[in-house]
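According to this note's numbering, the sequence shown holds residues -18 to 358 in order.
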Amino acid sequence: EILCHKDKPSPDLFIGKGKFEELAELVRQKNSDLVIFNNDLTPTQLRNLERGLSDTMTIDRTQLILDIFARNAKSVEGKIQVELAQLEYLLPRLTGKGIHLSRLGGGIGTRGPGEKILEYDRRRIRDQIARLKENLEDIEKRRAALRKRRSDAFFTAISIIGYTNAGKTTLLNQLTNSKKLTANRLFSTLDPVARGYVLPNNQKILFLDTVGFLHNLPHHLVEAFKSTLEEVRMADILLHVLDASSEKIYDEDEAVYKVLKELGAGNKIIINVLNKIDLVDNPDHMNRLKKDFRNPVFVSALTGDGISNLIEEITELLSGLVTEIKVEIPNNRMDRVNLIYENGKVTHREDKPDSVYLEAIIPVRLKNLLLPISPSS
């Protein structure tokens, strides 16, 4: 590992000449076949670095992220989004390997064979980008229709968000009693996962797992994963999962809110879930977290500690989305009676000759459907 402190990056090599020579010597000593920069590099910097390092493969932060994304994408949507991000990243970096195209021939007013091949490749990539964007538009339309069906079925959507590797998928499994194993690795969830849950008051919830956030998430990645991240923007509530054992928890918190702001979801209702308390043995650290985070819920998604408190917090927060009703429904509208039982909690029932009298707690949205039926006085 080499650290470099500069006021601004060098336009040619990103790092200074002295650091570059140090890096080149280290590559020779270690016989390295890969160099990774934890920063984004311009096409010029990338070319110059590879050329100066004797064509040793050099990648930047975005390339590494895209490679991890590509390994974890399972669904058609996930694969399309990864390919789109990869092609948009590749397009401005498409050059002849280690050589200037002008050396391949071609003078004023003409094109050398290398330039023709390059332009052909660029055109193919642009065409493929256009096709992928059309496919994603179709997926977004299907997602919008799915969200409408969920809303019509009175599901409350809760997106589980957080910095990568904070334990979001493990929390989802714990909340929904899933036995699915989760890997302890970055971006293990790339494709959105949805699981249903019913609260004690019979409110229906859909928990949505999402891709992990990270510092300085490249804008074109946010754009490429727009259809997936749209679930965050459209959710009723966000569960923000933080790794309570992380030494960088405050930086990770800031990174998540930065992405939320870019998504237009900065003003969402958020529950801060501080996970991995089983790994925290410092009382002072816990007290500091209690002080610094607004209404935190401390849990261990691994052991299940605190999960009941989280369910109570969700139920309390959603109480504003339900209402108490007293309604008398004629016998020829038993579909409405069934609707109340399926989506609410009946606290009292009285069967009459021509009707059914119910007292229940139901979603506010359901009440509007019952308005044509006269409420009981």
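Beta carbons: idealized from backbone N, C-alpha and C, even for Gly.
These figures come from a predicted structure and were not determined experimentally.
Roughly how many whole angstroms lie between the Cα atoms of residue i and residue j?
| i | j | result |
| --- | --- | --- |
| Leu(-16) | Leu153 | 38 Å |
| Glu309 | Ile258 | 49 Å |
| Glu31 | Leu68 | 20 Å |
| Ile106 | Phe136 | 41 Å |
| Arg166 | Glu(-18) | Any reading at Arg166 must be qualified, since the residue scores a pLDDT of 44, below 50, and its modelled position is unreliable; the value itself is stated next. Cα-Cα distance, rounded: 21 Å. |
| Asn312 | Leu320 | 14 Å |
| Leu99 | Thr39 | 21 Å |
| Asn19 | Glu323 | 51 Å |
| Ile61 | Ile120 | 10 Å |
| Gly(-3) | Thr25 | 15 Å |
| Glu294 | Asn197 | 31 Å |
| Asp(-7) | Ile218 | 46 Å |
| Tyr231 | Ala175 | 28 Å |
| Glu331 | Thr145 | 52 Å |
| Lys(-13) | Gly(-1) | 12 Å |
| Asp36 | Phe194 | 32 Å |
| Thr191 | Gly59 | 12 Å |
| Arg314 | Glu340 | 16 Å |
| Asn290 | Gln155 | 13 Å |
| Lys226 | Leu7 | Correcting the residue type first, residue 226 is Ser in the shown sequence and not Lys. Their Cα atoms are separated by approximately 34 Å. |
| Ile342 | Asp133 | 17 Å |
| Ser336 | Gln184 | 25 Å |
| Arg84 | Leu65 | A caution first: Arg84 carries a pLDDT of 31, below 50, which makes its placement in the model too unreliable to give a value. |
| Lys307 | Tyr338 | 7 Å |
| Ile17 | Leu4 | 11 Å |
| Glu235 | Lys242 | 11 Å |
| Leu351 | Thr157 | 31 Å |
| Ser365 | Gly33 | The chain is shown from -18 up to 358; residue 365 falls before or after that span and cannot be answered. |
| Arg131 | Leu189 | 12 Å |
| Phe1 | Thr23 | 16 Å |
| Phe274 | Ile250 | 14 Å |
| Asp108 | Asn12 | 39 Å |
What is the DSSP secondary structure of residue i, reduced to helix, strand or coil?
| i | result |
| --- | --- |
| Asp21 | coil |
| Ala54 | coil |
| Pro311 | strand |
| Glu(-18) | coil |
| Phe(-5) | strand |
| Lys333 | coil |
| Phe274 | coil |
| Leu283 | coil |
| Lys348 | helix |
| Leu15 | strand |
| Thr39 | strand |
| Val192 | coil |
| Lys326 | strand |
| Leu75 | coil |
| Leu34 | coil |
| Leu198 | coil |
Which one of the options has the shortest CA to CA distance from residue i?
| i | options | result |
| --- | --- | --- |
| Arg128 | Arg74, Arg28, Met215 and Val8 | Met215 |
| Asp21 | Ser300, Asn276, Leu198 and Arg42 | Arg42 |
| Gly325 | Pro264, Phe194 and Val179 | Val179 |
| Ala282 | Ala205, Val254 and Asn263 | Val254 |
| Phe206 | Asp(-12), Leu117 and Ser13 | Leu117 |
| Leu72 | Ser(-9), Ile49 and Asp102 | Asp102 |
| Arg28 | Leu75, Ile186 and Leu351 | Leu75 |
| Tyr238 | Val63, Val318 and Val213 | Val213 |
| Ile186 | Thr296, Val337 and Glu235 | Thr296 |
| Val261 | Lys272, Val280 and Asn248 | Val280 |
| Val278 | Val63, Arg269 and Ile288 | Ile288 |
| Gln44 | Leu202, Asp234 and Asn349 | Leu202 |
| Val63 | Phe188, Lys114, Arg104 and Gly33 | Lys114 |
| Gly285 | Thr151, Asp48, Ala54 and Asn53 | Thr151 |
| Glu228 | Met267, Ala54 and Glu211 | Met267 |
| Thr328 | Asn256, Ile49 and Pro181 | Pro181 |
With 16 other CB atoms within 10 Å as the buried threshold, where does residue i fall?
| i | result |
| --- | --- |
| His221 | buried |
| Pro344 | buried |
| Val57 | exposed |
| Ile139 | buried |
| Arg9 | exposed |
| Asp316 | exposed |
| Ala246 | buried |
| Pro122 | For the record, residue 122 in the displayed sequence is Lys; it is not Pro. So Lys122 ends up on the exposed side. |
| Ala125 | exposed |
| Gly300 | Just to set this straight, residue 300 is Ser in the shown sequence, not Gly. Ser300 comes out exposed. |
| Thr209 | buried |
| Ala111 | exposed |
| Lys149 | buried |
| Leu15 | exposed |
| Asp224 | buried |
| Gly177 | exposed |
| Glu305 | exposed |
| Leu347 | buried |
**Asked** Counting only runs that start and end within the stretch 201 to 264, where is the beta strand (DSSP E) found for 3 or more residues in a row?
**Response** Counting only runs that start and end inside the stretch 201 to 264, the beta strand (DSSP E) elements of at least 3 residues fall at 218 to 224 and 250 to 256.
**Asked** Residue ranges of each beta strand (DSSP E) run of no fewer than 3 residues wholly in the stretch 105 to 189, ordered along the chain?
**Response** Segments of the beta strand (DSSP E) lying fully in the stretch 105 to 189: 136 to 143 and 174 to 179.
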